[in-house]
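Taking the working numbering, the leading residue of the sequence shown gets 12, the next gets one more, and so forth.
In this text, a Cβ means the ideal position worked out from N, Cα and C, and glycines have one as well.
In what follows, a single structure is set out as structure tokens and then discussed.
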Amino acid sequence: MELKKNPSADIGRRKLLFFSIGLAVTMLFIVVSFEWRVYDSITKVEFKDDGEDFEEQIEIPITEMPPPPPPVLQQPEVIEVPDEEKIDEEIEVNLDVEFKEEAPPPPPVKVDLPPPPPPVVEKEEKIFMIVEDQAMPKGGLRKFYKYIGKNLKYPSQARRMGVEGKVYIQFVVEKDGSITDIKILKGIGSGCDEEAIRVLKNAPKWKPGKQRGVPVRVRRSIPIVFKLQ
């Protein structure tokens, strides 16, 4: 006997449709997951002008150097050396000499000397990096960089080789405002480092830094730019 089944009660007749819908929903979920983006919040930061406490970079103009004078060729002087002269005189040496034995010297007398005084150890004063009143050039940094631009000479070797860049130099401002302990933190060579040290050694005294109203030693660093025009 053949079994008769109502088509509306057949569960498997829409299996392909449900499978297609599920596959489409899954692919949509995967695409949305990969394309989803999260942006970080951006905070607006305001920068304030701190007055003269800045490091200005100055371009050092090229210095015209006069051409070197032509070399002077000197004719070597010829000196005539006379022939060796023969020595006719004979020197007689008398070896029959009596030597008298001398008495040995007396032993040295020991003298008790007072002990030497202990060495005086000078206590090195502390060098500050940050102070209440920072060490500054007299007249401000702008005037100090004008002094550097006026007195700095571009080395001939660096100009000939086309060397440019920044020389970072570090130094200590003493209590009296003098500049000591000059060091190169990062140089470019070709005579530029030595020229930066030379100009800084001859620089005028700074206004010393103060901590609680008392002058102290402060370490500072500045960049000096060497640039060809």
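Query raised in the report: Which residue spans inside the segment 150-204 form an unbroken beta strand (DSSP E) run of at least 3?
Result: 176-184, 190-197
Report task. Tell me where the alpha helix (DSSP H) around ILE235 begins and ends. Result -> Within the sequence shown, numbered from 1, the residue matching residue 235 stands at position 224. That residue, ILE235, is in no alpha helix (DSSP H); its beta strand (DSSP E) goes 225-237.
Report task. State yes or no: is the C-beta of ILE235 within less than 8 Å of the C-beta of VAL178? Result -> Within the sequence shown, numbered from 1, the residue matching residue 235 stands at position 224. Within the sequence shown, numbered from 1, the residue matching residue 178 stands at position 167. For ILE235 and VAL178, yes; Cβs fall inside 8 Å.
Requested in this report: Can you tell me which of the three DSSP states GLY38 falls into?
Outcome: Residue 38 sits at position 27 when you count from the first residue of the sequence shown. Rather than Gly, the amino acid found at residue 38 in this sequence is Met. Correct three-state label for MET38: helix.
Report task. Provide the residue(s) that pair with MET147 in DSSP beta bridges, ordered along the chain. Result -> Here residue 147 is taken as the residue at index 136 of the sequence shown, counted from 1. MET147 is bridged to LYS218.
Requested in this report: Compare the C-alpha of ASP144 against each of TYR165, VAL229, PRO127 and name the closest.
Outcome: In the sequence shown, residue 144 corresponds to position 133, counting from 1. If we check each option's Cα against that of ASP144, VAL229 comes out closest.
**Report entry** Residues bridged to PHE139 (per DSSP)
**Finding:** Numbered from 1 along the sequence shown, position 128 holds the residue referred to as residue 139. According to DSSP, which records beta bridges pairwise, PHE139 is partnered with VAL229.
Report task. Take GLY176 as the anchor and find which of CYS203, ILE208, VAL122, TRP47 has the nearest alpha-carbon. Result -> Working through the sequence shown from its first residue, we reach residue 176 at position 165. The shortest Cα separation from GLY176 among CYS203, ILE208, VAL122, TRP47 belongs to CYS203.
Query raised in the report: Near GLN168, which residues of its chain fall below 6 Å by C-beta distance, leaving aside the five closest residues on each side in sequence?
Result: One-based indexing of the sequence shown puts residue 168 at position 157. Within the same chain, GLN168 has close Cβ partners SER201, GLY202.
Query raised in the report: For ILE180 versus LEU163, is the C-beta spacing smaller than 8 Å?
Result: Locating residue 180 in the sequence shown gives position 169, where the first residue counts as 1. Locating residue 163 in the sequence shown gives position 152, where the first residue counts as 1. In this structure, LEU163 does not lie closer than 8 Å to ILE180 by Cβ.
Query raised in the report: Is DSSP giving LEU124 helix, strand or coil here?
Result: Position 113 of the sequence shown holds residue 124. In the structure shown, LEU124 sits in coil (DSSP, three-state: anything other than H, G, I, E or B).
Query raised in the report: Do LYS149 and ASP187 have their C-beta atoms closer together than 8 Å?
Result: Sequence index remark: in the sequence shown, residue 149 carries index 138 (1-based). Sequence index remark: in the sequence shown, residue 187 carries index 176 (1-based). No, they are not a contact pair.
Query raised in the report: For ARG48, which three-state DSSP category applies?
Result: For this step, residue 48 is matched to residue 37 along the sequence shown. In this structure, ARG48 counts as coil in the three-state DSSP scheme.
Query raised in the report: Between LEU28 and GLU46, what straight-line distance do the alpha-carbon atoms span, to the nearest angstrom?
Result: Walking along the sequence shown from the start, residue 28 turns up at place 17. Walking along the sequence shown from the start, residue 46 turns up at place 35. Distance between the alpha carbons of LEU28 and GLU46: 27 Å.
Query raised in the report: Nearest CA to the CA of GLU206: which residue from PRO219, ARG223, ARG170?
Result: The residue labelled residue 206 in the question sits at position 195 within the sequence shown. The shortest Cα separation from GLU206 among PRO219, ARG223, ARG170 belongs to ARG170.
Query raised in the report: Would you say PHE139 and GLY220 are within 8 Å of each other, going by their C-beta atoms?
Result: The residue given as residue 139 occupies position 128 in the sequence shown. The residue given as residue 220 occupies position 209 in the sequence shown. Yes, the pair counts as a contact, with Cβ atoms nearer than the cut-off.
Report task. Measure the alpha-carbon distance for VAL142 versus ASN213 and round it to whole angstroms. Result -> The residue given as residue 142 occupies position 131 in the sequence shown. The residue given as residue 213 occupies position 202 in the sequence shown. Rounded to the nearest angstrom, the two C-alpha atoms are 25 Å apart.
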